[in-house]
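Enquirer:
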Amino acid sequence: MEELKKRILKIKDHVKQINLSILDENQTKQIFINPILHVLGWDIFNPEIVKYEHKSFNQRVDIALLDGGKKLIFIEAKKTIESLEKHEEQLLKYCFQESVPMAILSNGIVWWFYLPRKETTWDKRKFYTIELLEQEIESVVEKFTQLLSYSEVISGKYLMIANNIFDDQAKKQKVRLELPKIWKIILLNPSEDFIKIIKDELENNLGISDREEILQFIYNLTEKSYQIEFENIPQGPATTDKNHDAIIRPPKSLTQDEIIPYIIDIIGQKGGAASKNFVEGKIYRELQNIFSQSYYEEKLACGVTRWEKDVAWAKQRAVDKGLIKKPDRYDRGIWKLTQRGWDEFQRSKDKFISM
Numbered sequence: 004m005e006e007l008k009k010r011i012l013k014i015k016d017h018v019k020q021i022n023l024s025i026l027d028e029n030q031t032k033q034i035f036i037n038p039i040l041h042v043l044g045w046d047i048f049n050p051e052i053v054k055y056e057h058k059s060f061n062q063r064v065d066i067a068l069l070d071g072g073k074k075l076i077f078i079e080a081k082k083t084i085e086s087l088e089k090h091e092e093q094l095l096k097y098c099f100q101e102s103v104p105m106a107i108l109s110n111g112i113v114w115w116f117y118l119p120r121k122e123t124t125w126d127k128r129k130f131y132t133i134e135l136l137e138q139e140i141e142s143v144v145e146k147f148t149q150l151l152s153y154s155e156v157i158s159g160k161y162l163m164i165a166n167n168i169f170d171d172q173a174k175k176q177k178v179r180l181e182l183p184k185i186w187k188i189i190l191l192n193p194s195e196d197f198i199k200i201i202k203d204e205l206e207n208n209l210g211i212s213d214r215e216e217i218l219q220f221i222y223n224l225t226e227k228s229y230q231i232e233f234e235n236i237p238q239g240p241a242t243t244d245k246n247h248d249a250i251i252r253p254p255k256s257l258t259q260d261e262i263i264p265y266i267i268d269i270i271g272q273k274g275g276a277a278s279k280n281f282v283e284g285k286i287y288r289e290l291q292n293i294f295s296q297s298y299y300e301e302k303l304a305c306g307v308t309r310w311e312k313d314v315a316w317a318k319q320r321a322v323d324k325g326l327i328k329k330p331d332r333y334d335r336g337i338w339k340l341t342q343r344g345w346d347e348f349q350r351s352k353d354k355f356i357s358m
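Everything in the sequence shown is counted per this note's numbering, starting at 4 for the first residue and increasing by one.
(1) So what's Gln296 in DSSP terms, helix, strand or just coil?
(2) Quick check on this structure: which residue in Lys285, Gln291 and Gly44 has the alpha carbon closest to the alpha carbon of Ser256?
(3) Between Phe35 and Gly111, is the Cβ-Cβ spacing less than 8 angstroms?
(4) If we call anything under 8 angstroms between Cβ atoms a contact, is Asp323 one with Leu218?
(5) Quick check on this structure: which residue in Thr308, Gly274, Leu23 and Leu205 has the alpha carbon closest to the alpha carbon of Gln349?
(6) Please report how far the alpha carbon of Lys19 lies from the alpha carbon of Lys13, in whole angstroms.
(7) Any idea what DSSP makes of Gln291, helix, strand or coil?
(8) Tell me, which residues are paired with Gln62 by DSSP?
(9) Look up Ile133 in the DSSP assignment and give the residues it is bridged to.
(10) Taking just the CA atoms, how far does Lys32 sit from Ile251?
(11) So which of Lys81, Ile76, Arg309 and Glu51 has the shortest CA-CA distance to Val103?
(12) I need the DSSP call for Asp16, collapsed to helix, strand or coil.
(13) Should Thr148 and Glu155 be called a contact, given that it needs their Cβ atoms to be closer than 8 angstroms?
(14) Between which two residues does the alpha helix (DSSP H) containing Leu303 stretch?
(15) Looking only at its chain, what residues have a beta carbon closer than 8 angstroms to the beta carbon of Ala276, apart from the 5 residues adjacent to it on each side?
(16) Inspect the CB distances between the stretch 43 to 59 and the stretch 123 to 134 and report whether three or more fall short of 8 angstroms.
(17) Starting from the C-beta of Ile164, find all residues in its chain whose C-beta is less than 7 angstroms away, skip the five residues before and the five after it, and write them out in chain order.
(18) Count the other C-beta atoms from every protein chain shown that fall within 10 angstroms of the C-beta of Ser24, then say buried if there are 16 or more, exposed otherwise.
(19) Are Asp70 and Glu79 close, meaning C-beta to C-beta below 8 angstroms?
(20) Is the separation between the beta-carbon of Ile267 and that of Glu347 shorter than 8 angstroms?
(21) So what does Asp70 bridge to, in DSSP terms?
(22) Please work out which residues of its chain come closer than 6 angstroms, Cβ to Cβ, to Ala315, disregarding the five sequence neighbours upstream and downstream, and give them in chain order.
(23) Please list the segments of the alpha helix (DSSP H) lying wholly inside the stretch 132 to 202, counting only runs of 4 or more residues, in order along the chain.
(24) Using CA coordinates, which residue listed in Cys98, Ile211, Asn37 and Glu28 is at the minimum distance from Phe60?
(25) Contact defined as beta carbons within less than 8 angstroms: I believe Lys187 pairs with Gly306. What is the distance between those atoms, to the nearest angstrom?
(26) Can you name, in chain order, every residue of its own chain whose Cβ lies under 7 angstroms from the Cβ of Ala67, other than the five neighbours on each side?
(27) Does the distance from the C-beta atom of Glu28 to that of Lys81 stay below 8 angstroms?
(28) State buried or exposed for Met358, treating a residue as buried only when at least 16 other CB atoms are found within 10 Å of its CB.
(29) According to DSSP, is Trp316 part of a helix, a strand, or is it coil?
Following this line, the structure appears as structure tokens:
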């Protein structure tokens, strides 16, 4: 709508010329909200269509958009420089009590759109934001037209569009929550395909590749990518290298390679195959004096404790050394010794490692 575009541009110019801090709520309506409603097709002078100071359960809503007495949208206006967050719950309660399908909270510059009857918390019922001074004008015009124009609202199409936006955002939120979990799985148990991608790039760029360096890089990336902040360990304050922010391990600790013999021994005692959960439980009990330290018990941002991550990486290094079989699709969660791993178990079964 060209007229709407012109109106928004005029408002943006007007904002540059006035002191926003002196505007009250009524002026927000007169300068920003009403002109936009008018251009969108609402008869702002007809109280049967646009009702001001609508009474709702002994409270008043600034603007109610109506159709034959049916309440379609409640709009609450606030001072231009006022934060909107503290007014959300009150407006949504009004809408919920009167079964109003959409709510708008605006200070004239920022417009927050809600679906009050969604079965979720108040703050999650907001599905869209229009910011007149920040967003591209084409996007602003499009969304105002879809969600607030008289024709779209009266036809009911505005709710269909609003629900589509809400559902799309819910899907994106699920993806955002799931991606760190997937990334964690990739980093803790890198597939051969993932390693090969890095290996191929190294060979293409340098003509050389080093599998051990790749695995160590991925291991380091696990902590760096989640920006882990390590806590002080009980044996003494954590110290840092003068040139790096790397936290020194506690005095009683194990490297990944030092964990491997424990894994081999536990699997060997089970006849050469054991579940991941069994191995983790047994190795924790055997190394409890180490793994019970706060350094190892800390829950990392990737969702597991540090000792679980170290065991997972020790297992992966054992796979790389040919001691544990690579799992196939039928053996997920089962750790099996290779012949080389079994031979290693046989050689060491009479030698108990002590700390």
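Glycine included, every Cβ here is placed at the ideal spot set by N, Cα and C.
Quick caveat: nothing in here was measured; it's all calculated off a predicted structure.
Expert: Let me spell this out:
(1) coil
(2) Ser256 has its Cα closest to that of Gln291, out of Lys285, Gln291 and Gly44.
(3) The criterion of a C-beta distance shorter than 8 angstroms is satisfied by Phe35 and Gly111.
(4) yes
(5) With respect to the C-alpha of Gln349, the residue from Thr308, Gly274, Leu23 and Leu205 having the closest C-alpha is Gly274.
(6) 10 angstroms
(7) helix
(8) Ser59
(9) Trp114
(10) Low confidence applies here, because Ile251 scores a pLDDT of 43, under 50, leaving its location unreliable; read the following figure in that light. Cα to Cα, Ile251 sits roughly 60 angstroms from Lys32.
(11) Ile76
(12) helix
(13) yes
(14) Taken as a continuous stretch (DSSP letters only), Leu303 belongs to no alpha helix (DSSP H), as it is neither H nor E.
(15) Ile270, Ile337, Trp338, Lys339 and Leu340
(16) The stretch 43 to 59 makes no contact with the stretch 123 to 134, as fewer than three CB pairs between them are under 8 angstroms.
(17) Gln149 and Leu150
(18) Classification of Ser24: exposed, given that the 10 Å Cβ count is below 16.
(19) Against a cut-off of 8 angstroms, the Cβ pair of Glu79 and Asp70 comes out as no contact.
(20) yes
(21) Lys73
(22) Excluding positions up to five away in sequence, the list reads Leu191.
(23) 140 to 151, 153 to 158 and 160 to 191
(24) Cys98
(25) 6 angstroms
(26) Lys54, His57, Lys74 and Phe77
(27) yes
(28) Because the pLDDT of Met358 is 38, which lies under 50, any placement of that residue in the model is unreliable, and the question is left without a value.
(29) helix
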